[in-house]
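Protein sequence lines correspond, in order, to chains H and P.
At position 111 of the first sequence the residue is numbered 111 (my numbering), and the sequence of numbers has no breaks.
Every position in the second sequence, counted from 1, becomes a number in my numbering once 113 is added.
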Amino acid sequence: GDSVTQTEGPVTLSEGTSLTVNCSYETKQYPTLFWYVQYPGEGPQLLFKVPKANEKGSNRGFEATYNKEATSFHLQKASVQESDSAVYYCALTPNYGNEKITFGAGTKLTIKP
Amino acid sequence: GPKVLQIPSHQIIDMGQMVTLNCDPVSNHLYFYWYKQILGQQMEFLVNFYNGKVMEKSKLFKDQFSVERPDGSYFTLKIQPTALEDSAVYFCASRPGRRSGNTLYFGEGSRLIVV
């Protein structure tokens, strides 16, 4: 079945430094890739999604490129802020067929001022 | 943006009792999901539901679990009887029909404590 593997947390960074959270996936189907963010006490919410290979998604300074050859979708941000502290989930769903969305284990990010 | 509402937000229940978690999905959404998150751990898929039927369920969806959406009202997760290991936050999610997008919208969770 489908699987998503991402950087094991927790990750702690200082404000203003750069961020990379690795995400790799396995699927036999043609997927849409997602990054979700979960703030404390809330449900996950969509950060952005990319339905097509070799395209880039971005939101709030975060970005990721759908790399079909490498089966990767790494999350990056050039300069993190304290408000970025949250859990980040990489996820995929097939564009055709079943409706299941597969999430990675999540990466807890803490940004220190 | 679209909102998924979950009721109750918190519930404490005695082991062996029944509990029903209610979800009011986004209007006009067609696919419904439940996820379970034990404190400090990852979110795990339980079940998805479409057109009145369970489409897929995980190993975590024990025989004591059931879901339904009678007459288009709340999408419910019922646990009967509850066990200590059912203590977790349960997230409901919904998404539009296949042609309308595949983004999943989550509620804020129902925290269940079984004592």
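Every residue gets a Cβ at the ideal spot worked out from N, C-alpha and C, and that includes glycine.
Less than 8 Å divides the Cβ of residue 113 of chain H from the Cβ of residue 15 of chain H.
Note that the stretch 134–153 of chain P touches the stretch 196–214 of chain P; at least 3 beta-carbon pairs, one per stretch, sit closer than 8 Å. Taken through DSSP and simplified to helix, strand or coil, residue 222 of chain P comes out as coil.
As DSSP reads the structure, residue 184 of chain P sits in no beta bridge. Annotated three-state conformation of residue 197 of chain P is helix, per DSSP. For the stretch 28–71 of chain H, the continuous beta strand (DSSP E) assignments of 3+ residues that do not extend past its boundaries occur at 31–38, 45–50, 56–59, 62–65, in sequence order. Residue 195 of chain P is classed as buried because its beta carbon has at least 16 other beta carbons within 10 Å across all chains shown. Contact check for residue 217 of chain P and residue 206 of chain P: beta-carbon distance about 5 Å, within the 8 Å limit, so the pair qualifies. Interface annotation, residue 174 of chain P: not in contact with chain H, CB-CB separation never under 8 Å.
Straight across, the Cα-Cα distance linking residue 126 of chain P with residue 199 of chain P is about 11 Å. Chain H has no Cβ within less than 8 Å of the Cβ of residue 152 of chain P. In the three-state reduction of the DSSP assignment, residue 82 of chain H falls in the helix class.
Under a criterion of Cβ atoms nearer than 7 Å, no residue of chain H is adjacent to residue 181 of chain P; the nearest Cβ is some 18 Å distant.
DSSP assignment within the stretch 135–192 of chain P yields the following whole beta strand (DSSP E) runs of 3 residues or more, N-terminal first: 144–150, 156–163, 166–170, 178–181, 188–192.
Following the DSSP letters along the chain, one finds residue 126 of chain P inside the beta strand (DSSP E) bounded by residues 123–126.
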